[in-house]
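Asks: First to last, the protein sequences are chains A and B.
Under my numbering, the residue at position 206 of the first sequence is numbered 202, and the numbers go up by one with no gaps.
Under my numbering, the residue at position 298 of the second sequence is numbered 420, and the numbers go up by one with no gaps.
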Amino acid sequence: MTQRSLRRPNSLRVLDWLDILAIAAWGLLLLNYWLTGKLSLLIHPRYFGLSVATGLGFLIISALGAWRLLKTDPAPNMRHFTLFPPGWMSSLLLATAFLGLLVAPRPFASQAALQRGVTEPLALTRRQPQAFRTDSQPEARSLIDWVRTLAVYPEPDAYTGQKVNVQGFVVDSPELPAQYFTLSRFAITCCAADAYPVGLPVKLTQSHKAYPPDTWLEISGQMTTENLAGKRQLVIQARSVKPIPEPKNPYAY
Amino acid sequence: MNQLSNGFTLFLSLLVEAFPFLLLGVLSSGLLLLFVDERKLIATLPQNPLLGALAGSVIGFLFPVCECGNVPVARRLLLQGASAPVAIGFLLAAPTINPIVIWATWTAFRDQPEIVVLRVVFSLLIATVIGWVFSAQADLRPLLQPAVAGSMPQRFTTALRSLPAVSPQSREPYLLQSGTFLLDQPGKPLRIDTTELQTLLVASSTTAKPLPNRLQLLLENTLQELRELGGVLVLGSLVAALIQVAVPRDIILGLGQGPITSIAAMMILGGVVSICSTVDSFFALSFASTFTSGSLLAFLVFGPMIDLKGLGLMLTVFRARAVIYLLVLAAQLTFLLTLFVNLRVS
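1) Would you say Trp142(A) reaches chain B, if we count a Cβ-Cβ gap shorter than 8 Å as a contact?
2) Rounding to the nearest angstrom, what Cα-Cα distance links Thr280(B) and Val270(B) in this structure?
3) What does the Cβ neighbour count give for Arg137(A), buried or exposed, with the cut at 16 atoms within 10 Å?
4) Measure the alpha-carbon distance for Leu475(B) versus Asp372(B) and round it to whole angstroms.
5) Around the Cβ of Ile16(A), are there at least 16 other Cβ atoms within 10 angstroms (buried) or fewer (exposed)?
6) Starting from Ala20(A), find everything on chain C with Cβ-Cβ shorter than 9 Å and list it in chain order.
7) Taking Leu198(B) as the reference, which of Gly425(B), Asn170(B), Val158(B), Phe183(B) has the closest Cα?
8) For chain A, check one thing: does any of its Cβ atoms lie closer than 8 Å to the Cβ of Leu461(B)?
9) Who are the near neighbours of Pro82(A) in its chain, counting only those whose CB is closer than 6 Å to its CB and skipping five residues on each side?
10) Less than 8 Å between the C-beta atoms of Ala230(B) and Phe424(B), yes or no?
11) What does a CB cutoff of less than 7 Å around Ala119(A) pick up in its chain, not counting 5 residues either side in sequence?
12) Identify which residue in Leu146(A), Met219(A), Pro208(A), Phe177(A) has its Cα closest to the Cα of Gly157(A).
13) Measure the alpha-carbon distance for Pro171(B) versus Leu55(A) and round it to whole angstroms.
14) Taking 8 Å as the cut-off, does the region 360 to 371 of chain B touch the region 137 to 150 of chain B (at least 3 CB pairs, one atom from each stretch)?
15) Compare the C-beta of Leu345(B) against all C-beta atoms of chain A and say whether one is closer than 8 Å.
16) I'd like the span of the beta strand (DSSP E) that includes Lys238(A), first residue to last.
17) Verify the CB distance criterion: does Val124(B) have a CB-CB separation below 8 Å to chain A?
18) Can you name the residues that DSSP bridges to Trp212(A)?
19) Kindly indicate which residue of Ser135(B), Ala363(B), Thr400(B) has the alpha-carbon position closest to the one of Glu347(B).
20) By the three-class DSSP mapping on this structure, what secondary structure does Pro197(A) have?
21) For Gly226(A), count neighbouring Cβ atoms within 10 angstroms of its own Cβ and tell me buried if that reaches 16, exposed if not.
22) Measuring CB to CB, does Ile232(A) end up less than 8 Å from Val160(A)?
23) Should Leu98(A) go down as buried or exposed, given a rule of 16 or more other Cβ atoms within 10 Å for buried?
24) Anyone know if the C-beta pair for Tyr43(A) and Ser411(B) falls short of 8 Å?
25) Would Gly96(A) count as contacting chain B if we go by Cβ distances under 8 Å?
26) Using a Cβ cut-off of 8 Å (strictly closer), state whether Gly352(B) contacts chain A.
27) Is it true that the CB of Leu200(A) sits closer than 8 Å to the CB of Pro252(A)?
28) Hey, does Ala230(B) have any beta-carbon neighbour from chain A nearer than 8 Å?
29) Going along chain A, which residues have a C-beta under 7 Å from Arg371(B)?
30) Using a 10 Å radius around the Cβ and a threshold of 16 neighbouring Cβ atoms, would you call Pro241(A) buried or exposed?
31) What residue does the beta strand (DSSP E) around Tyr176(A) start on, and which one ends it?
32) Helix, strand or coil for Thr218(B) per DSSP?
33) Cα-Cα, which of Thr50(A), Gly61(A), Pro208(A), Gly51(A) is closest to Leu14(A)?
34) Name the chain A residues whose beta carbon is nearer than 8 Å to that of Glu236(B)?
35) Could you tell me which of Ser415(B), Glu350(B), Cys398(B) sits nearest to Ile382(B), measuring between CA atoms?
36) Counting Cβ pairs, one atom from each stretch, are 3 or more of them under 8 Å apart for the region 20 to 30 of chain A and the region 357 to 364 of chain B?
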């Protein structure tokens, strides 16, 4: 047997390099998301460490793989059981990583909030409040704190007259009168896949047309109770409405 | 356009959240494959069918493997003389009963701890029951592919010499058998195929190899598994994202809120989308707001046991008849248990 016949066929070597390239590309993408702050658009900050470590891990694994391919000539080995022809999976991984590097992910906006049902009450399957504190300053509550507090004690009259100061984006709810819109935020517990919108109706002194959907606003005012869309509910009576830039991290936790 | 961008964000978020768990799963299964001596482990397992099935289901904790890793390990267990309940229990439970999968499920369903607990309990229950059922078949070989049955340990073969129909291949003249042969000595050709190769590997146990070789194997294994499982993860996330953004919400809600339709839909989805068990909870999570808890559980319990990718692998070990038994039993048990959850618990 000659030395040559022991070598791995060239087609297999190309596939080996494709594997390594695909894993390296994903490592770069994960680290890129971390360094550019886009990770917060995709997952809960609790899991940033895992993603960063995985990005580094992928780079290390691909570097080791490349080193081995360059240094030694691996013997022809049994490739694992595969569902698809060789090369498909690594090409798919590589293509997705490039797509991720080229196209920046966008946070969810008002349209998604309407589609996912911002106006429905929080489904019971979702996060239950961790604690119910009546002593906390009402104006210190965020939008999601308000919605959680309401989920525990839904009687709107209990909050009437309390001061409120919250941030969120405008959702143009079709069932509300012209003077109202819904101020909304997406809450996530794991990643954008489980993002669910929360929101409260806001009452203005003028038509809501001044604030197009997806505008980020900081609203302060007072809580009142009103009959809207056939049910009695808590409404923010806005005293000041201030446009703010979209936060770097648009989700609430 | 907006829908497309939402779908893309969803798709990426599933991938970014899932890749760490995929890497952990691949690394630990590779490590255990190379550093744990399975034969010593098997020797300690109980002989009683029910306890054996339970033990087989629980040792998944020591082999954090996805459903692509569990079939080869189950095959090795059989080849090394583990009893049928142990092997079947392992085959069905190992993808779910392991620390990384439980952690990933907890990550995804932190708000609904009952899903995490019930996933583990139901998987254990179903795997143990099916393993126990298979203990009724004292000799597993009629249910195995001839090549696997033929290379089972000697103590089985000698005890069952009187059953010639079991493995006709071992008795056929070598010239009538297909495969690759090594002409070692005149009149005594050695047959080579992957199963027998594995038996040889088992005989020379990977743990006996020098460390640098084992590390090389680990690297090779990691690269291949990441590529295959990562590719399936990308496809699975694509399906999840497409369903979320392309199917109108009232259709999803209509399907997802029915106690029976939701379970049927999620079981079919779990069988088709062969997403790895370490990351399937993130896939299920994207349905959490629209589907019943029972149906999410059905996906999380049934998917890792039976799916398209797993079926292909199982057919390399078992005959079609046995795979159909496994499929039907697992599907029925999952359906009944999760229906109970939908009707009584939530």
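Cβ atoms here follow ideal geometry from the backbone N, Cα and C, with glycine treated the same way.
Here the structure is a predicted model, which is why all the values come from computation and not from measurement.
Replies: Inspection of the coordinates gives the following:
1) Not one chain B Cβ lies under 8 Å of Trp142(A).
2) Low local confidence applies: a pLDDT of 41 at Thr280(B) is under 50, so the model's placement there is unreliable, and no value is given.
3) Burial of Arg137(A) is indicated by the presence of at least 16 other C-beta atoms within 10 angstroms of its C-beta.
4) Outside the displayed span of chain B (123 to 468) sits residue 475(B), for which this structure offers no information.
5) Looking at its Cβ environment, which holds 16 or more other Cβ atoms inside 10 Å, Ile16(A) is buried.
6) In summary, chain C is missing from the structure at hand, where the protein chains are A and B.
7) Position check: residue 198(B) holds Arg in this sequence, whereas Leu was assumed. With distances taken between Cα atoms, Arg198(B) lies closest to Val158(B).
8) For Leu461(B), the answer is no, since every Cβ of chain A falls outside 8 Å of its Cβ.
9) Spatial neighbours of Pro82(A) in its own chain (CB-CB distance under 6 Å, excluding positions within 5 residues in sequence) are listed in chain order as Leu11.
10) With respect to the 8 Å criterion, Ala230(B) and Phe424(B) are not classified as neighbours on the basis of their beta carbons.
11) Because Ala119(A) carries a pLDDT of 41, less than 50, the predicted location of this residue cannot be relied on, and the following value inherits that uncertainty. The same chain holds no residue with a CB closer than 7 Å to that of Ala119(A) once the five nearest residues on each side in sequence are set aside.
12) When Leu146(A), Met219(A), Pro208(A), Phe177(A) are compared, the shortest CA-CA separation from Gly157(A) is found for Met219(A).
13) One C-alpha to the other measures close to 46 Å.
14) The region 137 to 150 of chain B makes no contact with the region 360 to 371 of chain B: fewer than 3 CB pairs, one atom from each, lie closer than 8 Å.
15) Yes - at least one Cβ of chain A is within 8 Å of the one on Leu345(B).
16) Lys238(A): member of the beta strand (DSSP E) spanning 227 to 239, first to last residue.
17) Reading off the sequence, residue 124(B) comes out as Asn, not Val. Asn124(B) counts as touching chain A.
18) Answer is Phe165(A).
19) Among Ser135(B), Ala363(B), Thr400(B), the Cα nearest to that of Glu347(B) is on Thr400(B).
20) In this structure, Pro197(A) counts as strand in the three-state DSSP scheme.
21) So Gly226(A) counts as exposed.
22) A contact, by the Cβ cut-off of 8 Å.
23) By the neighbour-count rule (16 or more Cβ atoms within 10 Å), Leu98(A) is not buried but exposed.
24) Cβ distance not < 8 Å, so Tyr43(A) and Ser411(B) don't count as in contact.
25) Yes - at least one Cβ of chain B is within 8 Å of the one on Gly96(A).
26) Chain A, which has a Cβ nearer than 8 Å to the Cβ of Gly352(B), makes this yes.
27) No statement about residue 252(A) is possible, as the shown extent of chain A runs from -3 to 249 and does not include it.
28) Ala230(B) has a beta carbon lying within less than 8 Å of a beta carbon in chain A.
29) Simply Gln111.
30) Flag for Pro241(A) reads exposed.
31) That run of the beta strand (DSSP E) goes 176 to 183.
32) Thr218(B) falls in the coil class under three-state DSSP.
33) Of the listed residues, the one whose Cα sits closest to Leu14(A) is Gly61(A).
34) Correct list: empty, because the minimum Cβ distance to chain A is about 10 Å.
35) Nearest to Ile382(B) by alpha-carbon distance, out of Ser415(B), Glu350(B), Cys398(B), is Ser415(B).
36) They do not touch, by the three-pair rule.
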